[in-house]
Amino acid sequence: MLALGDLKQTRVYQEGLEDGKREGCVEGKLEAVPRLLKLGLTLEQVAQALELEVAEVIKAARVQC
Numbered sequence: 519m520l521a522l523g524d525l526k527q528t529r530v531y532q533e534g535l536e537d538g539k540r541e542g543c544v545e546g547k548l549e550a551v552p553r554l555l556k557l558g559l560t561l562e563q564v565a566q567a568l569e570l571e572v573a574e575v576i577k578a579a580r581v582q583c
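For the sequence shown, this note's numbering assigns the number 583 to the last residue and increments by one with no breaks.
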């Protein structure tokens with residue numbers, strides 16, 4: 519039987535952990551989009567600052583407005 523420590527060492531567990539971190543990180547970035555736009559930044563500036571694609575910024579701006 520696998521112990522929790524053994525499970526954490528598996529590739530599947532590590533990949534899932536990384537995916538979760540990325541998704542949480544992206545969600546946080548997307549939440550910042552409206553605030554940055556209100557400060558007067560352009561879509562391109564927001565995308566560059568948050569390391570996102572312009573299309574993602576546009577979508578986040580539409581969803582959260």
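Beta carbons are placed, not taken as given, at the ideal position from N, Cα and C, and that holds for glycine.
Just so we're clear, the structure is a prediction, and the values are computed from it rather than from any experiment.
- Around the Cβ of Ala578, a 10 Å sphere holds 16 or more other Cβ atoms; the residue is buried.
- Looking only at Gly558, Lys556, Cys543, Leu557, the smallest Cα-Cα distance to Glu569 is reached by Cys543.
- The beta carbons of Val575 and Leu561 sit closer together than 8 Å.
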